[in-house]
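Chains as they are written, first to last, in UniProt numbering: chain S, 1 to 142; chain V, 1 to 142. Beta carbons: idealized from backbone N, C-alpha and C, even for Gly. Treat the numbers as computed from the prediction; the structure is a model and nothing was measured. See structure below.
Protein chains: 2
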Amino acid sequence: MGKNNVPRPTESELEILQVLWQHGPSTVRFVNDELSKRRDVGYTTTLKLLQLMHEKGIVARDDSSRTHVYRPALREQETQGVLIDRLLEAAFGGSALKLVQQALGNRKTSRAELDQIRDLLDSMDDQQDPDQPSPTATPDTK
Amino acid sequence: MGKNNVPRPTESELEILQVLWQHGPSTVRFVNDELSKRRDVGYTTTLKLLQLMHEKGIVARDDSSRTHVYRPALREQETQGVLIDRLLEAAFGGSALKLVQQALGNRKTSRAELDQIRDLLDSMDDQQDPDQPSPTATPDTK
DNA sequence: AATTCTTTACGAAACCATTCGTAACCCAAA
DNA sequence: TTTGGGTTACGAATGGTTTCGTAAAGAATT
Numbered sequence: 001m002g003k004n005n006v007p008r009p010t011e012s013e014l015e016i017l018q019v020l021w022q023h024g025p026s027t028v029r030f031v032n033d034e035l036s037k038r039r040d041v042g043y044t045t046t047l048k049l050l051q052l053m054h055e056k057g058i059v060a061r062d063d064s065s066r067t068h069v070y071r072p073a074l075r076e077q078e079t080q081g082v083l084i085d086r087l088l089e090a091a092f093g094g095s096a097l098k099l100v101q102q103a104l105g106n107r108k109t110s111r112a113e114l115d116q117i118r119d120l121l122d123s124m125d126d127q128q129d130p131d132q133p134s135p136t137a138t139p140d141t142k
Numbered sequence: 001m002g003k004n005n006v007p008r009p010t011e012s013e014l015e016i017l018q019v020l021w022q023h024g025p026s027t028v029r030f031v032n033d034e035l036s037k038r039r040d041v042g043y044t045t046t047l048k049l050l051q052l053m054h055e056k057g058i059v060a061r062d063d064s065s066r067t068h069v070y071r072p073a074l075r076e077q078e079t080q081g082v083l084i085d086r087l088l089e090a091a092f093g094g095s096a097l098k099l100v101q102q103a104l105g106n107r108k109t110s111r112a113e114l115d116q117i118r119d120l121l122d123s124m125d126d127q128q129d130p131d132q133p134s135p136t137a138t139p140d141t142k
């Protein structure tokens with residue numbers, strides 16, 4: 001099992017995942033209240049979505065008590081990674097460089113944030129292993 | 001008219017847009033041949049997609065001659081920007097920093113690319129003083 | 001106990017993306 | 001003129017996402 005069959009959340013599902021990531025394991029009621037702060041959404045709609053996400057393996061749930069408690073099945077970073085890969089393939093021809101340039105270039109970014117990115121770049125320099133080629137495009141591992 | 005009603009291409013539509021961005025204005029036949037290099041797709045499927053994209057305003061077409069010629073209605077960068085905004089909102093709570101960290105962190109990136117990003121960061125430092133708003137980033141109200 | 005509130009489960013409707021079959025049309029070649 | 005290949009237009013089937021109405025069951029309140 002690699003990243004092959006990692007679930008690909010839809011937009012609504014992501015909305016819910018963000019609530020779970022931010023607040024931790026939550027009931028349908030809580031998630032729905034959070035979503036309702038941003039837009040109109042019925043309780044059973046949120047319920048159904050969570051049930052489907054559960055079937056898909058996107059969330060796990062504790063149904064030991066009557067009101068079930070849902071939590072993300074994947075780490076935030078993992079899911080975000082999948083989504084970036086998706087966008088990278090779909091719109092940037094696989095070039096992470098172009099994506100980052102676009103993300104930074106067309107946007108206001110504070111100096112503090114720029115510095116944080118610089119730190120990240122520096123730490124990546126340290127990890128550079130010159131032995132290996134740079135296979136940005138072939139996660140073919142079987 | 002701001003970025004409000006900029007079209008939001010689907011995955012298939014992006015596949016086609018990439019062909020158009022890369023090769024310039026093209027006929028259905030050409031686009032379909034390109035897509036066929038990667039996967040199985042019927043001619044009329046590509047045709048229909050292009051027709052729908054035309055209706056949506058995602059592509060423009062020259063139908064002065066019998067075989068129509070399609071071209072992107074938006075610049076590559078513009079569309080990519082919209083898509084990043086979308087992902088940013090949907091999965092990263094709006095934090096471009098987190099997105100970039102994720103894009104770079106979970107991925108092998110060559111030193112050359114890292115250097116290019118550093119250059120970008122440096123040039124952004126220069127622009128830090130927003131007397132002159134960046135020409136790319138503010139298509140405000142007309 | 002009866003009522004009300006909360007929750008889950010289920011089914012269906014509405015909508016959209018994707019795919020393709022079929023027909024009509026034009027043009028060029030036979 | 002007829003045939004055939006390439007093209008556009010259109011409609012429909014399929015499958016997935018999103019929404020919500022309704023029913024059933026449990027829990028709390030009266």
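Coarse secondary structure for residue i, derived from DSSP in three states
i             : result
residue 123/S : helix
residue 12/V  : helix
residue 2/S   : Low confidence applies to residue 2/S: its pLDDT is 41, below 50, so where it sits in the model is not reliable, and the reading given next is rough at best. Coil at residue 2/S, not helix or strand.
residue 109/S : coil
residue 38/S  : helix
residue 62/S  : strand
residue 71/V  : strand
residue 19/V  : helix
Test: residue i CB closer than 7 Å to a CB of chain S
i            : result
residue 97/V : yes
residue 55/V : no
residue 89/V : no
residue 61/V : no
residue 32/V : no
residue 38/V : no
8 Å Cβ shell around residue i - same chain, five flanking residues per side excluded
i            : result
residue 46/V : 16, 28, 31, 32, 35
residue 20/S : 26, 31, 59, 70, 71, 72
residue 86/S : 8
residue 43/V : 28, 29, 32
residue 23/V : 30, 34
residue 74/S : 6, 7, 58
Any C-beta of chain V under 7 Å from that of residue i
i            : result
residue 81/S : yes
residue 13/S : no
residue 52/S : no
Close-in-space but distant-in-sequence residues of the same chain around residue i (CB under 7 Å, 5 per side omitted)
i            : result
residue 51/S : none
residue 13/V : 49, 53, 58
6 Å CB neighbourhood of residue i in its chain, flanking five on each side removed
i             : result
residue 133/S : The pLDDT assigned to residue 133/S is 46, lower than 50, so where the model puts this residue is not dependable, and the model offers no usable value.
residue 41/V  : 35
residue 68/S  : 61
residue 76/S  : 21
residue 56/V  : 7
residue 124/V : none
Amino acids of chain S, ordered along the chain, whose beta-carbon sits closer than 8 Å to that of residue i
i            : result
residue 93/V : 18, 22
Contacts of residue i in chain V (Cβ-Cβ under 8 Å)
i             : result
residue 109/S : 96, 97, 124
residue 118/S : 118, 121
Neighbour list for residue i in chain V, Cβ cutoff strictly below 7 Å
i            : result
residue 77/S : 102
Distance cut-off 6 Å: residue i Cβ against heavy atoms of the ligand MN
i            : result
residue 56/V : Ligands in the displayed structure: none, and consequently the ligand MN is not present.
Chain S residues whose Cβ lies nearer than 9 Å to that of residue i
i            : result
residue 84/V : 87, 91, 99, 102, 103, 106, 107
State whether the region 76–83 of chain V contacts the region 60–72 of chain S, with contact taken as three or more CB pairs (one from each stretch) at a distance under 8 Å. no
Hey, is the region 103–113 of chain V in contact with the region 86–95 of chain V, meaning 3+ C-beta pairs nearer than 8 Å? The region 103–113 of chain V makes no contact with the region 86–95 of chain V: fewer than 3 CB pairs, one atom from each, lie closer than 8 Å.
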